[in-house]
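*Asks:*
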Amino acid sequence: MRRANVVSGVVLAVFGIAMLFAIIPWQIEPGPQGMMSPRLVPGMMMAFVTVLAALLVINNLRAEPDLEGDVSPISRGELLALIRIGAIFALSVALFSWVSPLAAGAVVVAGSLLVLGERRPWMILGMPVLLLLALWFLFYKVLGTAIV
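See below:
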């Protein structure tokens, strides 16, 4: 139960942060001068949801183990895997912005394979090449459009 509470709290916190910093500012226009902004109440409610979600996560991470004897709802290995995969995606987004979509695609596929434990060189080299060639063929030859 603690694990489910932690996961649902994290999902709710991410949802609340996305609503606060992306969706509410993009979808609700600021109010006219001298009036209360229409963003105020949705922003307050999302801030409240985000704080409650963070409290749910913190309380369940600090809680005593259940009768089943689970020490922590999320293991150290799971947290490290999350950080590694997140770093690969962040690197891929940076490469997509500053270098090219080809470099980003190769890094996200090959890096994910390495993090997930793949050690065969032909698989690490072959899968990104085949996937990117298939995407190139689909977008440029079949659909006749560009990716960027």
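So in our numbering, the last one in the sequence shown is 162, and the numbering has no gaps at all. For every residue, glycine included, the Cβ atom is placed at its ideal position computed from N, Cα and C.
#1: On the three-state DSSP scale, how would you describe Val113?
#2: By alpha-carbon positions, which one of Ala118, Ala148, Ile31 ends up nearest to Phe62?
#3: Do Ile88 and Val143 come within 8 Å of each other at the CB atom, strictly closer than that value?
#4: Rounded to whole angstroms, what's the CA-CA distance from Ala148 to Val65? Just pull it up for me.
#5: What separation, rounded to the nearest whole angstrom, lies between the Cα atoms of Gln47 and Leu54?
#6: Excluding the 5 residues flanking Ala118 on each side, which residues of the same chain have their C-beta closer than 6 Å to its C-beta?
#7: In whole angstroms, what separates the C-alpha of Val71 from that of Phe29?
#8: Rounded to the nearest angstrom, what separates Phe35 and Gly100 at their Cα positions?
#9: How is Ser126 classed by DSSP in three states: helix, strand or coil?
*Replies:* Quick look at the numbers:
#1: Three-state DSSP puts Val113 in coil, outside helix and strand.
#2: Measuring from the Cα of Phe62, the nearest candidate turns out to be Ile31.
#3: No, they are not a contact pair.
#4: Whole-angstrom Cα-Cα distance: 44 Å.
#5: Approximately 14 Å, taken between the alpha carbons.
#6: The residues are Ser106, Leu109, Phe110.
#7: For Val71 and Phe29, the distance between alpha carbons rounds to 14 Å.
#8: Cα to Cα, the separation comes out at about 20 Å.
#9: Helix, per DSSP.
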